[in-house]
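Colleague: Numbering (full-length UniProt numbering), first residue to last: 1 to 136.
Sharing a structure here in structure tokens format.
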């Protein structure tokens with residue numbers, strides 16, 4: 001949570017419409033410079049005047065966002081692993097290498113499409129099956 005002076009300063013910088021959008025989806029107000037957009041339409045911003053580790057943020061395109069829909073280069077930039085965003089660093093740009101898979105494969109964890117392992121070896125032990133004798 002931020003102070004009232006910081007909130008009012010950001011309200012003056014970003015306007016009422018963007019202020020309402022940020023309060024609804026992020027719960028805080030931030031003002032900064034636009035850095036770039038990824039292939040899903042998520043917008044990335046930076047403000048070096050903020051507190052440490054609060055200088056970069058993402059504005060997801062849809063309110064039902066999936067964190068797996070973030071490019072690896074943008075994730076590295078948001079997590080402070082690299083200094084330059086993927087728009088400025090040729091190593092982090094996607095679809096530039098022949099071995100990259102085109103498109104996106106969503107994270108299927110906890111769904112019917114999730115990867116499930118199976119065992120192909122014969123078990124060393126068999127389960128005990130009780131035998132009940134008839135009572136006389």
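Glycine included, every Cβ here is placed at the ideal spot set by N, Cα and C.
Go through its chain and collect everything with a Cβ distance to residue 7's Cβ below 7 Å, but skip five positions before and after it.
Modeller: Counting only Cβ-Cβ distances below 7 Å, and skipping sequence neighbours, we find 29.
Colleague: What span of residues does the beta strand (DSSP E) with residue 43 cover, start to end?
Modeller: Start and end: 43-46.
Colleague: How about residue 53 and residue 73: do their beta carbons lie closer than 8 Å?
Modeller: No, these two residues do not count as a Cβ contact at 8 Å.
Colleague: Leaving out the 5 sequence neighbours to the left and right, which residues in its chain are closer than 6 Å to residue 77 when beta-carbon positions are compared?
Modeller: 85.
Colleague: Buried or exposed: residue 22, going by 16 or more other Cβ atoms within 10 Å of its Cβ?
Modeller: Looking at its Cβ environment, which holds 16 or more other Cβ atoms inside 10 Å, residue 22 is buried.
Colleague: Which residues share a DSSP beta bridge with residue 56?
Modeller: DSSP lists 46 as partners of residue 56.
Colleague: Could you give the first and the last residue of the continuous beta strand (DSSP E) run that contains residue 34?
Modeller: That run of the beta strand (DSSP E) goes 33-37.
Colleague: Are the CB atoms of residue 25 and residue 63 nearer to each other than 8 Å?
Modeller: Result yes, Cβ atoms of residue 25 and residue 63 sit closer than 8 Å.
Colleague: Please classify residue 49 as buried or exposed, where buried requires at least 16 neighbouring CB atoms within 10 angstroms.
Modeller: The residue in question, residue 49, is exposed, as its Cβ has fewer than 16 Cβ neighbours within 10 Å.
Colleague: Which value, in whole angstroms, describes the spacing of the CA atoms of residue 127 and residue 114?
Modeller: When rounded, the distance between both Cα atoms is 28 Å.
Colleague: What is the DSSP secondary structure of residue 78, reduced to helix, strand or coil?
Modeller: It is helical.
Colleague: Go to residue 10, then tell me how far its alpha helix (DSSP H) extends in each direction, as first and last residue.
Modeller: It spans 4-14 - the alpha helix (DSSP H) in which residue 10 sits, taken as one unbroken run.
Colleague: Among 71, 122 and 43, which has the Cα closest to the Cα of residue 101?
Modeller: The residue with the shortest Cα to Cα distance from residue 101 is 71.
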